[in-house]
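All letters in the sequence shown, in the order written, are residues 777 to 1269 by the numbering used here.
Notes follow once the structure below has been shown.
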Amino acid sequence: AMSVIDECYHAWQELLAGDKQRTLHDQPNEIKDLVRNLSTNSLFELAPNVDEHPTLHSPLSPQHMILQKKIITNPFGPNNSQQEPQQQHVWVSHQGPADTTEYRIKAFGEGGQQVSLWHDINLAHVDAETKQETPFLNFVCEIPKFSRKKYEIATSEVGNPIKQDTKKGQLREFKKGDIFFNYGCFPQTWEDPTFIHPDAEGTRGDNDPLDVCEIGARIIQPGGVRPVKVLGILCMIDEGECDWKVVVIDANDKWAPFLNDINDVEEQLPGTLDSIREWYRTYKIPDGKPPNVFGLQERFMDKAYAMSVIDECYHAWQELLAGDKQRTLHDQPNEIKDLVRNLSTNSLFELAPNVDEHPTLHSPLSPQHMILQKKIITNPFGPNNSQQEPQQQHVWVSHQGPADTTEYRIKAFGEGGQQVSLWHDINLAHVDAETKQETPFLNFVCEIPKFSRKKYEIATSEVGNPIKQDTKKGQLREFKKGDIFFNYGCFPQ
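Below you can see the structure in the form of structure tokens.
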């Protein structure tokens, strides 16, 4: 990669010096027009004296071009005190033709016996080696991040395998596009359709296990079980039903030590929560349905609140499995009775007549998960650690012109208020703003944020090279495939 970057850096130098333009005589006219249309003089039009940007134009040093193999110590690896919690041993089998209504993903335990991903996986995470309960909960993934097939646990089928949801006989996908987080549920939970939560604006539970959004980096496959940290919760009202969304992160994710409550997510990963809310608000619009709405003034509630909802759903599941809920349905409408009676709650008995066959799967949820204690976590990358965050080059942007129009531009300015080009005036090699020393990093200019779809790009043919939304035949362009799931941009210079 560095060799390609080096080639492109030297090509930019030739372009800016005018050398490239002087070698175009043998090129086709379309190539000549492409190159001549570029705005390469922003350095002179915007900053006649190049010393006006003393830190913007240091050359790319040899350290960036000579690659050295280095062994990096993994702070979360086997030689570190922060060991990865061992997983509950469950493996899955894919049965039936893929992309058909017969396709199922079934789970099996260590002894080869089928287990239910809803009933037989413990809600509280138990370390497989120590047999001790950890502070985490188990998350069952149904839909991997960066995919769109709507897989779900089949709550009405014996054994509760995972299947692809259908509507009018057709397999369902998210028409909005790929989802950008791992989506699934907490086992041993149930959103009781006979219960109206006081904050749910008069709506009942949706009759499913409690939904979970896992925001870590790992792509978790359907049927995967991972220990997670609970961070917060969002109350979505989906077609008249209360559909809680718990936000969690894989306990082994590199961001996990920094995220302990919902405020940490906004501080460390800004924009993530807003993107989750907007996903759920709009994902049914392509199906011709109105946007979803939210309770609690659309706020993400904190970990303590989330744990109280999890506790309610855990106890509701216990009532369901014990048969207590079924005995209290006489005053409920027939539609509610049918919903509850259609659930398969006997997989424990049909699949494992002796519950001791799964000795580690059914330990109760201990009080430590319900009583939250505030703890101060040391951030290993924080200000007291030798691994400091490199200081950024100081550039601020101004949004000019009406948004969502062809006149809209994002222009960049330096410390002194002078306009700078995000293509030419930002250094390729990163220079620490405090020490003025070059670092081992390169500067990245973002054009399109992750979890968005408007096709923004640097206007290479305009003086100053602002960012604009691309057009085609006069129409503003968006990715029709759906939201992009990474930050997209370019290297300057």
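Note that the Cβ used here is the ideal one computed from N, Cα and C, for glycine as well.
The structure displayed is predicted, hence computed values, not measured ones.
In the structure shown, asparagine 1028 falls within a coil segment according to DSSP collapsed to helix, strand and coil.
The continuous alpha helix (DSSP H) containing glutamine 1044 extends over residues 1038 to 1044. With respect to the C-alpha of asparagine 1241, the residue from Ile955, Lys1248 and Ala1188 having the closest C-alpha is Ala1188. Counting C-beta pairs with one atom in each stretch, the segment 1075 to 1083 and the segment 1036 to 1051 have three or more that are closer than 8 Å, which means they touch.
Each residue's CA atom was taken as its position, placing phenylalanine 962 and leucine 899 some 6 Å apart. Look at glutamate 967 here: in three-state DSSP terms it is coil, with no helix or strand label. Partner residues in the beta bridge of methionine 1077, as assigned by DSSP, are Ile1009.
For the 8 Å CB-CB criterion, isoleucine 996 and cysteine 1089 do not form a contact.
DSSP places tyrosine 1184 outside both helix and strand once states are collapsed to three, so it counts as coil. When DSSP reads this structure, asparagine 1241 sits in no beta bridge, so it has no partner. Assignment of tryptophan 1055 by DSSP, reduced to helix, strand and coil, places it in the helix class. Under the three-state reduction of DSSP output, isoleucine 972 falls in the strand class. Annotated as distal: valine 1207 and cysteine 1266, with beta-carbon spacing of 8 Å or more. Segment contact: the segment 1090 to 1098 against the segment 1020 to 1029, fewer than three CB-CB distances shorter than 8 Å; contact not assigned. Here glycine 1071 has Asp975, Ala976, Glu977, Cys1011 and Ile1013 as same chain residues with Cβ atoms under 7 Å from its own Cβ, once five neighbours each way along the sequence are excluded. The continuous beta strand (DSSP E) containing alanine 883 extends over residues 880 to 884. With a cutoff of 8 Å on beta-carbon distance, phenylalanine 956 and aspartate 1180 are scored as not near each other. The C-beta distance from glutamine 940 to lysine 926 rounds to 6 Å, short enough to meet the 8 Å contact threshold.
DSSP places aspartate 982 in the coil class of the three-state scheme, outside both helix and strand. A Cβ-Cβ separation of about 4 Å places aspartate 968 in contact with alanine 1092 under the 8 Å criterion.
Taking a cut-off of 8 Å for Cβ pairs, the segment 1240 to 1256 and the segment 1212 to 1231 touch, as three or more such pairs fall below it.
The three-state secondary structure of phenylalanine 1217, taken from DSSP, is strand.
Glutamate 933 and serine 892 have their C-alpha atoms spaced approximately 10 Å apart.
Residue pairing by DSSP puts phenylalanine 915 in a beta bridge opposite Arg1002.
The continuous beta strand (DSSP E) containing tryptophan 1172 extends over residues 1172 to 1176. Collapsing the DSSP output to three states places tryptophan 894 in coil. When rounded, the separation of the alpha-carbon atoms in glycine 885 and valine 868 is 9 Å. In the structure shown, the three-state DSSP call for lysine 1113 is helix. Counting only the Cα atoms, glutamate 949 lies some 41 Å from serine 779.
Cβ-Cβ distances below 8 Å link isoleucine 1061 to Lys952 and Pro1067 in the same chain, with the five nearest sequence neighbours on each side left out; the list follows chain order. Rounded to the nearest whole angstrom, the CA to CA distance from valine 866 to tryptophan 966 is 21 Å. DSSP, read as helix, strand or coil, puts phenylalanine 1034 in helix.
Boundaries of the alpha helix (DSSP H) around glutamate 783: 778 to 793.
Of the candidates Glu1074, Glu1042, Leu1045 and Asp1063, Glu1074 places its Cα closest to the Cα of glutamate 1054.
Between glycine 1008 and methionine 1077 the beta-carbon gap is near 6 Å, inside 8 Å, which marks them as a contact.
Annotation: histidine 786 to alanine 930 spans about 57 Å, alpha carbon to alpha carbon.
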